[in-house]
Every structure is written in C-alpha cells, then in structure tokens.
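Quick notes on the structure that follows.
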Amino acid sequence: MGIPTTPMVTRAFKELAVLNVAKRGMPELRITFTPHPVASKTPDQLRAYVEGNDPVSGKPMMKEIVQALTEPLSEEERKTGLVHVSVGPERYGPDTLKNLQQFYHDNGMTDFLPITIPTEEEVAEMLKGTSHPPDEVVGTMAGGAYPPWSYTVKQVAINAVMAGCKPEYFPVILAIASSGTPSLMSSTNSFAYAAVINGPIRDKLNMNYGIGALGPFAQSNAAMGRAWTLVSRNLANGGIPGDTYMGSQGNNLNYNNLIMAENEAASPWVPLHVQKGFKAEENVVSLFRGLGIVPGQGARGTSTDTPKYEEQFSDLFSVFTGFFGGLVVADPLIAANLKGRGYDTKDKLIDWLYKNTTQTVKDYKSRDFAYGFDYPRALKGLEPYKTWYAMPDDAVIPRWPHRDDINVIVLGGQTNAFFQGGSLSYTVSVSIDKWT
Amino acid sequence: MNRRTLLSLLGSSPALLAGLPVEAQPGKTTPAKPSTSQPLVEGLNPKGTPPPIQLIPMAPRLDRLDGKTVWLVDTGFEGGGMLLEQVRLWFNRNMPTVNVVFRRKAGPYMEDDPALWKEIKEKGDAAIMAVGH
Chain L
234 MGIPTTPMVT
244 RAFKELAVLN
254 VAKRGMPELR
264 ITFTPHPVAS
274 KTPDQLRAYV
284 EGNDPVSGKP
294 MMKEIVQALT
304 EPLSEEERKT
314 GLVHVSVGPE
324 RYGPDTLKNL
334 QQFYHDNGMT
344 DFLPITIPTE
354 EEVAEMLKGT
364 SHPPDEVVGT
374 MAGGAYPPWS
384 YTVKQVAINA
394 VMAGCKPEYF
404 PVILAIASSG
414 TPSLMSSTNS
424 FAYAAVINGP
434 IRDKLNMNYG
444 IGALGPFAQS
454 NAAMGRAWTL
464 VSRNLANGGI
474 PGDTYMGSQG
484 NNLNYNNLIM
494 AENEAASPWV
504 PLHVQKGFKA
514 EENVVSLFRG
524 LGIVPGQGAR
534 GTSTDTPKYE
544 EQFSDLFSVF
554 TGFFGGLVVA
564 DPLIAANLKG
574 RGYDTKDKLI
584 DWLYKNTTQT
594 VKDYKSRDFA
604 YGFDYPRALK
614 GLEPYKTWYA
624 MPDDAVIPRW
634 PHRDDINVIV
644 LGGQTNAFFQ
654 GGSLSYTVSV
664 SIDKWT
Chain A
512 MNRRTLLSLL
522 GSSPALLAGL
532 PVEAQPGKTT
542 PAKPSTSQPL
552 VEGLNPKGTP
562 PPIQLIPMAP
572 RLDRLDGKTV
582 WLVDTGFEGG
592 GMLLEQVRLW
602 FNRNMPTVNV
612 VFRRKAGPYM
622 EDDPALWKEI
632 KEKGDAAIMA
642 VGH
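Sequence order for the protein chains is L and A. Per our numbering, residue 234 is the first one in the first sequence, and the count goes up by one each step. Per our numbering, residue 512 is the first one in the second sequence, and the count goes up by one each step.
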C-alpha cells in the first residue's frame, strides 16, 4: 500500500499468517496476534483482548501495534531480491519399495494409503496415455491462499502413477489438472469436490455408473478421484494442515473425491456436458465444489404410490445453507418417473426447484456466509443480494440466488428409486479429448 | 514453529516454504538406507514448481502516531469489525490525538479492494487490518 500497515491475526492462524507473508515477499511483516476466536464475542471480551497481550509474543497488544507502525525498519525488513524455492531432488533413492513407500508418507506426499512408487519406467508408461510432450506446462494451481504453482505433463503423470491410475485414465487427470482446481481447499470449511464424467470415455475406462456408482467398485472411478487429491497435494502444495489446509473437521470425501459418471443411456434427459454446451460424443469432466452429498432415502412421500420426488429434493436441500449450489443425483428410476409426470427436461425440474425451495430473509441474513459474502455484494449493488437485503425479515426468497446454481445428473443401477442431494456448486467443464 | 527460525530459512533453505520438510531437516533428504537384498528402485519427486518469491521492502515507518490518521480496515471475517471497534476505542482512551477512520473492505474477504488501498494511501498515514475469525 505504500504506508505503514500491520495486520491483526487470531493465533489459530499463526503459521498460516507467517508463511503467507513470507511466500508473498514480506517475510518480516510485523503481525500482531489476538486470542482466537474473535467471532461471537461480547464487546467486553474483545476489549479484554485489545487491552491484553499478544498470545504469541506475550507483549501488550496495542503497544505492539503502535511499535509495528513506528519502530524504524531493520535491514531485513528493507530487503529486496528474488528468492528461488526448492522442492527437493528430482528423484529419491535408490532404496527398497517398502522404504520408499514410507519415505513418501513421512514427507507428506501421499494420502497415507499405499501408493505405486513412481519410477521412471512407471511414469514413462503413464505418459503413453497422452500425445502431449512430458515437458508441456499443463497449468497452475494454488494450494491455499498462496501464489499458484505450475506443473508439466510429466509432473502430473508422476501423481497419476502414485494414485494407481492406468495410462488410459491419464487424459482425465490432465483435464482436471488443466482446470487449476484443487480438491483440497484451504478454507476453515471442510470442502468436498466432485467431478462428473460424461461421454463415451466412461465405457472405455470401465467407469461404474450403475449399481454402487458412488462406491468403491471400479478402479477408474477410485484411482482418478484419488489422483485429483495427490495432484492437489503435490503439484499445488495443498492439504498441509495449518498452512494450506484449515478445514476444522476435514472431509472424508477428500480421499478420492466424488467421481460421478453419468448414466447417460438410462437417463431420459440430456447429459450434463450437453447442458454445458458440449456435443454428446465429446468426453468432458465437469467439476463441483461444496460441502458434500447426503442420501435422501426416507423422504416425505417416499412410500406413497405417487411420490413427488421434486418435493423430496427440495426437502433435502432445506437442510443445506444455500452457500453452495444444489446438485441432484437421481437414480434413472426417479428420472423416468419425473419425466412421466411432465418433467421432460432437466430444466423444467430445475425451474421447479428454484421457485419452490425457499427461505425467509431473516433465516438468510442469519447465516455466516451471508455476512461474509453476500452482504458485501449487496453493498456493491449486486443482485439479487441488494434486493434481498432490502426486503422485510418475513419475506420469502429462493434458497439460491440464481437458477443455474442448481444442477441435475442421473446415475445408479435402478435397484431402487433413490437419490442423493449435494451441497455442491458447478465450477467448470473441461474437455478430456484435448488431452488424449 | 519459531518464526525467526522459519524466516531465516528464506535465504538459505526456503524448502519449508514449499511445504517440503525434507529439505529443512538434515538427514532426511533421502530415504533410510536399505538393509535387505530386495531390489532397489528410484522414485520421482511428485512436487510441482513453486514460483520464485519477490521480496518486497516494507514501507518506511512513522516516527510517531500523534496527529496522524490511522485507518482500521475490516476484511469481512466475522468479528473483525467488532474487534476493530475496540481498537478504535482504545485509541480514543489512550492516544486521543490519533485520528482513527474505520472502513469495511468492499466485497467478500478474499476479494481485493484497490480503490480502498488508493484512498487510504491518499488520506491516511498508517493502516491496521483485522482478519477476525
């Protein structure tokens, strides 16, 4: 900014703050730490914080702040120049497979499940899965709130090997990596990520979109999802608790994410990638980000002879905050039923869900994400937030700000008319064919 | 983590900043030596390429705050604004000659607000930013 500036950070974020300022080029930045948390505290409690000591340095907090703005700079604080960061040698060993396995675990390069050791031979085999040269830069990805790292086709291949991928899976991993989307998010929320695969490649890779589609029943589903996490961990330096990962509770879905191949043949509707502007014969991966997915079995009206699935979806979404989009994952039996009742397109179902899944303004404003994200947007004049914040507390508004916050996919083995609902926002669709 | 120790690594061994503890821990840069007759292999490093770090000198400090204008900037995390209100009151009680201006940064907390930075630089002498949480 060009004038003396000092940040106040709660002590739970000490390492994150110290590393962040260092990685952004101001390693000596004078930070004052406060007790944690500052949210949900009374004015008297916060006054005690301010009049007390920095819990990290032990010095009086306000005296420290005044000194941060007035004490002359040291030589280190005036330093300029470029610092190159090493990530270690190109290869490890030679050693036994067992020792190397443990070495990769001990140095934070795995998800702590057994990996395939990425030997030069294994990686060369993986590289046969694409026509792209090994040294081509695939993209960049940021792990946490830091400047992004870059990576090549070969670096992605190393991680694909570690995850147990076959070479024919590799274009999918490259497509995901090219999006720059990590599956490990630094937020204190414990985010989950999903990838929906569409196109003929689903069958070429023997993906499971039938019975148990979301379970551990196909190598391609399992290994490709795991590769996304290793890519995020190693190529973007994500997933380091206290540094690039701050999810308070973590998310079990981070092990291999939600890999969903749409059951296109059994669906009465157009597949997701066609909705996003691709041709049916194209192979595409579409990414989602949010908090997770829950089954909707036992919902209202399930056992009647005229189940209204759209109402059941809406019921399920009412337990989510609306911060993320809504994703319906319907078994083909449900999709067929809905089509028979007049929902001959996904769009008609989405329209109904948008209009009928609602909340009061009072409930909406009381949510933490509304304060942190939507209220500032309202102040900027962005819609619908500006209108929503001007409405009375008892007014009823949609659960989501935009109709296209809702998506629908169809998968499952038709053993029963079940569905799942996700608190997941669509982010991007990427061509897989580009990476073959 | 000792901050001084960490920051001293910047010039000599910045691997810790890259999230790779092996470089920062002598003796752990390679796996343990094999003790069996099992086949030996080499494994490739799966890490991506971090960008270099451009060191940015800090702005010159003020000689004192008396008579100066200090901006308090709320980044939008919950509680940050209330914490800064107590900071404002502290200045009123203890350093009343300091002119304190409060402002919530525009947009969600992760969005930049260059217009505000420009305004602070034009109208202010120093700034305190509170992230809350």
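A virtual CB, placed ideally from N, CA and C, is assigned to each residue, including glycine. Model, not experiment: these values are computed from the prediction.
Trp633(L), DSSP secondary structure in three states: Under the three-state reduction of DSSP, Trp633(L) is assigned to coil, being neither helix nor strand.
Within chain A, the residues that Phe606(L) reaches when beta carbons sit closer than 7 Å: From the beta-carbon of Phe606(L), the residues of chain A found nearer than 7 Å are Pro619.
N-terminal and C-terminal residue of the alpha helix (DSSP H) that Gln549(A) is part of: Element bounds for Gln549(A): n/a, residue is neither H nor E.
Burial state of Arg604(A), where buried means 16 or more other Cβ atoms lie within 10 Å: Looking at its Cβ environment, which holds fewer than 16 other Cβ atoms inside 10 Å, Arg604(A) is exposed.
Cutoff 7 Å; reference Ile391(L); Cβ partners in own chain excluding five residues on either side: For Ile391(L), where only same-chain residues beyond five positions count, the Cβ hits under 7 Å are Pro351, Val356.
Helix, strand or coil at Ile564(A) [DSSP, three-state]: If DSSP states are grouped into helix, strand and coil, Ile564(A) belongs with the strands.
Exposed unless 16 or more other CB atoms sit within 10 angstroms - verdict on Asp436(L): Per the 10 Å Cβ criterion, exposed.
CB of Met241(L) within 7 Å of CB of Ala617(A), strictly: Contact flag unset, no.
Contact set between Tyr412(L) and chain A, taken where Cβ atoms lie within less than 9 Å: Reading the sequence as shown, one finds Ser at residue 412(L) and not Tyr. Within 9 Å Cβ-Cβ: nothing; Ser412(L) doesn't reach chain A, min ~15 Å.
Contacts of Met295(L) in chain A (Cβ-Cβ under 8 Å): Below the 8 Å Cβ cutoff, chain A contributes Val598, Trp601, Asn605 as neighbours of Met295(L), in chain order.
Per-residue burial, Pro528(L) [other beta carbons within 10 Å of its own, 16 or more giving buried]: Residue burial annotation: Pro528(L) is exposed, with fewer than 16 other C-beta atoms found within 10 angstroms of its C-beta.
Presumed contact (8 Å Cβ cut-off) between Ile631(A) and Leu583(A), rounded CB distance: Not really, about 10 Å apart at Cβ, beyond 8 Å.
CB contact check: Glu553(A) to chain L, cutoff 7 Å: Glu553(A) belongs to the set of residues whose beta carbon lies under 7 Å from a beta carbon in chain L.
Neighbourhood of Thr385(L) by C-beta, 8 Å cutoff - its chain only, sequence neighbours within 5 removed: Excluding sequence positions up to five before and after Thr385(L), its CB lies within less than 8 Å of the CB of Pro367, Asp368, Glu369, Val370, Val371, all in the same chain and listed in chain order.
Classification of Ile444(L) by the beta-carbon crowding that lies within 10 angstroms, buried from 16 upward: It is exposed - the Cβ of Ile444(L) has fewer than 16 other Cβ atoms within 10 Å.
Within chain A, the residues that Val299(L) reaches when beta carbons sit closer than 8 Å: Taking a Cβ-Cβ threshold of 8 Å, the residues of chain A close to Val299(L) are Leu576, Met606, in chain order.
The region 378 to 391 of chain L: positions lying closer than 7 Å to chain A by Cβ: Listed by position, the residues of the region 378 to 391 of chain L near chain A (Cβ gap below 7 Å) are Pro380, Trp382, Ser383, Tyr384, Gln388, Ile391.
CA nearest to the CA of Leu463(L), picked from Asn487(L), Ser319(L), Gly480(L): Per the Cα distances, Asn487(L).
9 Å Cβ cut-off: residues of chain L touching Lys632(A): Residues of chain L passing the Cβ test: Met234, Gly235, Ile236.
Any chain L beta carbon closer than 7 Å to Thr560(A): Yes - at least one Cβ of chain L is within 7 Å of the one on Thr560(A).
Cβ contact check for the region 547 to 566 of chain L and the region 600 to 608 of chain L: 3 or more pairs under 8 Å: Counting Cβ pairs under 8 Å, three or more are found: they touch.
Nearest candidate by alpha-carbon position, reference Pro237(L), set Tyr542(L), Val299(L), Asn253(L): Considering only Tyr542(L), Val299(L), Asn253(L), the residue with the shortest C-alpha distance to Pro237(L) is Val299(L).
Segment contact flag, the region 334 to 345 of chain L with the region 288 to 305 of chain L, C-beta cutoff 8 Å, min 3 pairs: Too few Cβ pairs lie closer than 8 Å, so no.
Counted within 10 angstroms of its Cβ, other Cβ atoms place Pro609(L) as buried (16 or more) or exposed: Under the 10 Å beta carbon count, Pro609(L) is surrounded by 16 or more other beta carbons and is classified as buried.
CB contact below 7 Å: Pro317(L) versus chain A: The question names Pro, but residue 317(L) in the sequence shown is His. Yes - at least one Cβ of chain A is within 7 Å of the one on His317(L).
Pro322(L) to Thr363(L) span [Cα, whole Å]: Using only the alpha carbons, I get a separation of about 26 Å.
Identity of the residue in Val612(A), Arg572(A), Arg615(A) nearest Ser307(L) by Cα: That would be Arg572(A), whose Cα lies nearest to the Cα of Ser307(L).
Assumed close pair Ser519(L), Val429(L) - CB separation to whole angstroms, cut-off 8 Å: Indeed, because the Cβ distance is near 4 Å, the residues count as touching under 8 Å.
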